[in-house]
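Protein chains in written order, with this note's numbering: chain V, 20 to 221; chain H, 67 to 276.
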């Protein structure tokens, strides 16, 4: 079982998602973002950078997050990022259509190139990863895109090539939406994603 | 006598960094280093670090003890705001459970349609998805269908006034995602400022007469 730490900004959203709900059981430690610089990550295997983190503290700790990954460990990032700080990040902003599901015969526009990956054979369905996106990534060669848009933009990908560790980056922000009691799909996503992080094949 | 605002800002990607000149914005983590003397109304935004605010409770208590105003928008999950209860999510059985009602006439919501608060592009639930139980004697402004107190004014828990709203910032950003035609809710930000001015005048008068 991997040990999971969260870069924790203390909002009501982070509190519900990572501490007080059913998902708290998967989190070994919530490290207050304002104390992150001094915190030890030695015993941890996975570090989650939640959506809606404090941007100043995130900036101050980018080197430490990279050092963690480069020690062979795993970093998970949720939601749109404020700037290109992920390894070889290539982000394309797209205006969010919050309302696509109101349209007749709506297609979420998502596809599942990672259908044979452990995350989607044993833990999640594409429906569980379907709400809106804020944009797409265009990862470098060697990265593995599990969820994409119809035109091949990456919504969730795994990067084992650009550092000495593993990065799981997604434009999805299930922690924010679940933490605000919003959008049932985000609850299903976390019910699959967090157990997979804990014990699945990354 | 107009109020001077300080905004306690969480510096996350979804929170607007811009405001008109009446609002001074500080990073929430600078609260302990900020001279609050010039300010009369503290706006605390959704997404703030409520563990940090709990550590700084004495600062907020002192602000209220000085007869000033604190307005909080969001879900309370730690007891940093004197006399207030923790957020209780609404159990949703059907979408009508999100319907907002005006509980008592108040200038802030005068002429605002309940349906404009409840519904955004035909979808409900953006405005509030739960409530904080109002203290006794609070002036309740908005409720959910079972009388849950979404929005209220508490003038008794402290020497100042606490405005509680279990939803987004009512001062400037508008309601939910602002990508739609004009609604009756558009008047709310200006009404909030007018209310704060009146409330501040009342609090100041109370101090002078005390």
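Even glycine gets a Cβ: it sits at the ideal position worked out from N, Cα and C.
Checklist entry - Under three-state DSSP, which class holds residue 241 (chain H)? => result Taking the second chain and counting its residues from 1, the one referred to as residue 241 (chain H) is at position 175. Residue placement at residue 241 (chain H) is poorly supported in this model, since its pLDDT is 38, which falls under 50; the coordinates are not used for a value here.
Item to check | Cβ-based neighbour list, residue 100 (chain H), same chain, cut-off 8 Å, excluding 5 preceding and 5 following | outcome: Translated into the one-based positions of the second chain, residue 100 (chain H) becomes position 34. The answer, listed in chain order, is 72, 92.
Next on the checklist: Counting only Cβ-Cβ distances shorter than 7 Å, please list the residues of the stretch 133-145 of chain V near chain H, keeping chain order.
Outcome noted: Sequence-ordered contacts of the stretch 133-145 of chain V with chain H are nonexistent [C-beta pairs closer than 7 Å].
Item to check | Under the three-state DSSP convention, the category residue 227 (chain H) falls into | outcome: Here residue 227 (chain H) is taken as the residue at index 161 of the second chain, counted from 1. The three-state secondary structure of residue 227 (chain H), taken from DSSP, is strand.
Checklist entry - So, does the CB of residue 118 (chain H) fall closer than 7 Å to a CB anywhere in chain V? => result By one-based count along the second chain, residue 118 (chain H) stands at place 52. Cβ-Cβ to chain V under 7 Å: yes for residue 118 (chain H).
Next on the checklist: Against chain V, which members of the stretch 69-93 of chain H pass a CB distance test of less than 9 Å?
Outcome noted: Interface annotation for the stretch 69-93 of chain H against chain V: 76, 77, 78, 79, 80, 81, 93, criterion Cβ-Cβ distance under 9 Å.
Checklist entry - What do you get for residue 183 (chain V), buried or exposed, if any count of 16 or more other CB atoms within 10 angstroms of its CB means buried? => result The residue given as residue 183 (chain V) occupies position 164 in the first chain. Within a 10 Å sphere around the beta-carbon of residue 183 (chain V) sit fewer than 16 other beta-carbons, which makes this residue exposed.
Checklist entry - What's the call for residue 211 (chain H), buried or exposed, on a 16-neighbour Cβ count within 10 Å? => result For the purposes of this step, residue 211 (chain H) is taken as the residue at position 145 of the second chain. Counting Cβ neighbours within 10 Å, residue 211 (chain H) comes out exposed, since fewer than 16 surround it.
Checklist entry - Any idea what DSSP makes of residue 146 (chain H), helix, strand or coil? => result For the purposes of this step, residue 146 (chain H) is taken as residue 80 along the second chain, with counting starting at 1. If DSSP states are grouped into helix, strand and coil, residue 146 (chain H) belongs with coil.
Next on the checklist: Quick check: the Cα distance between residue 105 (chain V) and residue 93 (chain V), rounded to an integer number of angstroms?
Outcome noted: For the purposes of this step, residue 105 (chain V) is taken as the residue at position 86 of the first chain. For the purposes of this step, residue 93 (chain V) is taken as the residue at position 74 of the first chain. Going by C-alpha positions, residue 105 (chain V) is about 13 Å away from residue 93 (chain V).
Checklist entry - So which residues of chain V does residue 195 (chain H) contact, with C-beta pairs closer than 9 Å? => result Walking along the second chain from the start, residue 195 (chain H) turns up at place 129. Neighbours of residue 195 (chain H) on chain V, chain order: 199, 200, 201.
Checklist entry - In this structure, what does DSSP give as the bridge partners for residue 155 (chain V)? => result Walking along the first chain from the start, residue 155 (chain V) turns up at place 136. Among the bridge pairs identified by DSSP, residue 155 (chain V) is matched with V:111.
Checklist entry - Among residues of its own chain, excluding the 5 on either side of residue 179 (chain H), which ones have a beta-carbon nearer than 7 Å to its beta-carbon? => result As a working note, residue 179 (chain H) is residue 113 in the second chain. Around residue 179 (chain H): 250.
Item to check | Cα-Cα separation, residue 37 (chain V) to residue 24 (chain V) | outcome: Within the first chain, residue 37 (chain V) is the residue found at index 18, counting from 1. Within the first chain, residue 24 (chain V) is the residue found at index 5, counting from 1. Between residue 37 (chain V) and residue 24 (chain V), the C-alpha separation is close to 10 Å.
Item to check | Distance between beta carbons of residue 150 (chain H) and residue 228 (chain H), contact taken as under 8 Å | outcome: Residue 228 (chain H) sits at position 162 when you count from the first residue of the second chain. Residue 150 (chain H) sits at position 84 when you count from the first residue of the second chain. With 8 Å as the limit, residue 228 (chain H) and residue 150 (chain H) qualify as a contact, their Cβ atoms being about 7 Å apart.
Item to check | Selected residue, minimal CA-CA separation from residue 194 (chain H), among H:87, H:217, H:173 | outcome: Translated into positions along the second chain, residue 194 (chain H) becomes position 128. Minimum Cα distance to residue 194 (chain H) is reached at H:217.
Checklist entry - Quick one: what's got a C-beta closer than 7 Å to residue 209 (chain H)'s C-beta in the same chain, skipping five residues either side? => result Counting from one through the second chain, the residue named residue 209 (chain H) turns up at place 143. Excluding sequence positions up to five before and after residue 209 (chain H), its CB lies within less than 7 Å of the CB of 167, 169, 215, 216, all in the same chain and listed in chain order.
Checklist entry - Of all the options V:28, V:91, V:32, V:67, which has the alpha carbon lying nearest to the alpha carbon of residue 47 (chain V)? => result The sequence position of residue 47 (chain V) within the first chain is 28, counting from 1. Residue V:67 is the option with its Cα nearest to residue 47 (chain V).
Item to check | Alpha-carbon spacing of residue 41 (chain V) relative to residue 214 (chain V), whole angstroms | outcome: To locate residue 41 (chain V), count along the first chain from 1; it is residue 22. To locate residue 214 (chain V), count along the first chain from 1; it is residue 195. Rounded to whole angstroms, residue 41 (chain V) to residue 214 (chain V) spans 12 Å at the Cα level.
Checklist entry - Taking the runs of the beta strand (DSSP E) that are 3 residues or longer, which of them lie wholly in the stretch 136-202 of chain H? => result Unbroken beta strand (DSSP E) stretches of 3 residues or longer found wholly inside the stretch 136-202 of chain H: none.
Item to check | Buried versus exposed call for residue 112 (chain V) [16 or more other C-beta atoms within 10 Å across all chains shown] | outcome: Locating residue 112 (chain V) in the first chain gives position 93, counting from the first residue. Flag for residue 112 (chain V) reads exposed.
Checklist entry - Are the stretch 109-117 of chain H and the stretch 132-142 of chain H touching by the rule of at least three beta carbon pairs closer than 8 Å? => result Between the stretch 109-117 of chain H and the stretch 132-142 of chain H, the count of Cβ pairs shorter than 8 Å is three or higher; the stretches touch.
Next on the checklist: When you compare the CB of residue 9 (chain V) with every CB in chain H, is at least one pair closer than 7 Å?
Outcome noted: What the structure shows of chain V is the stretch from 20 to 221, and residue 9 (chain V) is not part of that stretch, so it cannot be assessed.
Item to check | residue 161 (chain H) classed as buried or exposed, judged by whether at least 16 other C-beta atoms fall within 10 angstroms | outcome: Sequence index remark: in the second chain, residue 161 (chain H) carries index 95 (1-based). Exposed is the call here.
Item to check | Member of H:145, H:134, H:105, H:102 whose CA lies at the smallest distance from the CA of residue 123 (chain H) | outcome: Position 57 of the second chain holds residue 123 (chain H). Between residue 123 (chain H) and the set H:145, H:134, H:105, H:102, the nearest pair of CA atoms involves H:145.
Checklist entry - Any idea if residue 204 (chain H) is buried or exposed, counting beta-carbon neighbours within 10 angstroms, 16 or more meaning buried? => result Stepping through the second chain from its first residue, residue 204 (chain H) is reached at position 138. Result: buried.
Checklist entry - In terms of alpha-carbon separation, which member of V:216, V:161, V:27, V:49 lies closest to residue 74 (chain V)? => result Stepping through the first chain from its first residue, residue 74 (chain V) is reached at position 55. The shortest C-alpha separation from residue 74 (chain V) is found at V:27.
Item to check | Interface partners of residue 75 (chain V) on chain H, CB under 9 Å | outcome: In the first chain, counting from the first residue as 1, residue 75 (chain V) sits at position 56. Within chain H, 77, 93, 95 have C-beta atoms less than 9 Å from the C-beta of residue 75 (chain V), given in sequence order.
Next on the checklist: Tell me the DSSP secondary structure of residue 232 (chain H) in three-state form.
Outcome noted: For this step, residue 232 (chain H) is matched to residue 166 along the second chain. In the three-state reduction of the DSSP assignment, residue 232 (chain H) falls in the coil class.
Next on the checklist: What residue range does the beta strand (DSSP E) around residue 188 (chain V) cover?
Outcome noted: One-based indexing of the first chain puts residue 188 (chain V) at position 169. 185-189 is the extent of the beta strand (DSSP E) around residue 188 (chain V).
Checklist entry - With a cut-off of 7 Å, does the C-beta of residue 237 (chain H) fall near any C-beta of chain V? => result By one-based count along the second chain, residue 237 (chain H) stands at place 171. Chain V contact via Cβ: absent.
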